[in-house]
Each structure stands twice: as C-alpha cells, then as structure tokens.
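S.K.: At the far end of the sequence shown sits residue 146, using my numbering, and the numbering has no gaps.
Just so you know, even glycine gets a beta-carbon here, dropped at the ideal spot from N, CA and C.
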Amino acid sequence: MKTPQKILYEATMTAEGGRDGRARSDDGNLDVALVVPKELGGPGGSGTNPEQLFGAGYAACFLGAVKLVARTRKISLPIETTVSAKVGMGPVEVGYALAVELVVAMPGLDQGLANEILEGAHERCPYSNATRGNIEVKLTAVT
C-alpha cells in the first residue's frame, strides 16, 4: 500500500440519495445530479453517475502524469494530446468491479515513444497507484 508522505491537497465530496441523488463538493464548485443509467436498470436521462465521475477524474489526472513524464524527458507533446477513460462496471463473484481503458491520443508521436510515456505515467498517476492490483487497467496509445 502506498501512503502519501504528506497530504498536499484534499477534496471532500458528499453524496446523498446514492446513485439517484446528488453529489456536491464542500467548496460548491461541483454539484451534480446522479442518475442510474438505463443499462443498469435506471431511467437514464439528465445527470451523471459514479463511473463517469471516476472516468473524468482518472482521465484528467492521467493526462497530468503524461505531461509530467514528457516534460521530464524533454519531449514535446502534441497540443492535441488527450486522454479518454472508458470505465466499465459489471458483476464479480461477490458484488461488482470496474474495468478501465485509458486511450491516450498523441497525434504524430512515434508509437514506441508514446507507449513509453504511457508506462511512465501509469507508474506516477495517483489513480493508477490507487487501482493497481485491484482492477484491470488497459493502456492504449493512439498516434
């Protein structure tokens, strides 16, 4: 288990109503309606869900790690570099589990170099460190 030497930043989110309620940050900057997707037996419609929120956080954090690795290796990333997180959820023996694919687009970059950047980012990203050994995370570099 990896534990931070010291906490540099802490976010607090509060959910009410479960998958069909609301989630709010303590600073008021994030306030979202939660809706169960049709695929999970809910009504779908306007709102988000835990999988989308997890994906947004993981994608943003992983892109930060990609930029860090590129910067430390003095590699110029294409301005169009993006990270898409595909977050799936399904049953396991007891309960449910997540599976993630991180698709990193680095147009024009050499494929081998892009793969190296992804591996370095996966070692540094806090989300990757939190999920390592717990869920499947597939890395895909698109150049």
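What are the start and end residues of the beta strand (DSSP E) that includes P94?
M.R.: P94 -> beta strand (DSSP E) spans 85-94.
S.K.: Could you pull the DSSP bridge partners for S28 from this structure?
M.R.: Answer is M16, bridged to S28.
S.K.: Taking 8 Å as the limit between beta carbons, can you name the residues of its chain near K41, skipping five residues before and five after?
M.R.: Once the five neighbours on either side are set aside, the close Cβ partners of K41 are G47.
S.K.: Would you report the Cα separation of P66 and P53, rounded to the nearest angstrom?
M.R.: The question names Pro, but residue 66 in the sequence shown is Leu. Answer to the nearest angstrom: the Cα atoms are 20 Å apart.
S.K.: Tell me, which residues are paired with E104 by DSSP?
M.R.: According to DSSP, which records beta bridges pairwise, E104 is partnered with K89, K141.
S.K.: Among the candidates V38, A68, A26, A36, whose CA atom is the shortest distance from the CA of T17?
M.R.: Here the closest residue by C-alpha is A26.
S.K.: Roughly how many angstroms lie between the CA atoms of G115 and R76, to the nearest whole one?
M.R.: Near 14 Å, if we compare the C-alpha coordinates of R76 and G115.
S.K.: In or out: L33 buried (at least 16 other Cβ within 10 Å) or exposed?
M.R.: Result: exposed.
S.K.: DSSP three-state label for L37, please.
M.R.: The answer is strand: DSSP assigns L37 an E or B state.
S.K.: Suppose you measure from the CA of N118 to the CA of A144; what does that come to, to the nearest Å?
M.R.: Between N118 and A144, the C-alpha separation is close to 6 Å.
S.K.: What's the call for G58, buried or exposed, on a 16-neighbour Cβ count within 10 Å?
M.R.: It is buried - the Cβ of G58 has at least 16 other Cβ atoms within 10 Å.
S.K.: Could you give the distance in angstroms between the alpha-carbon of R135 and the alpha-carbon of A102?
M.R.: Roughly 11 Å between the two C-alpha positions.
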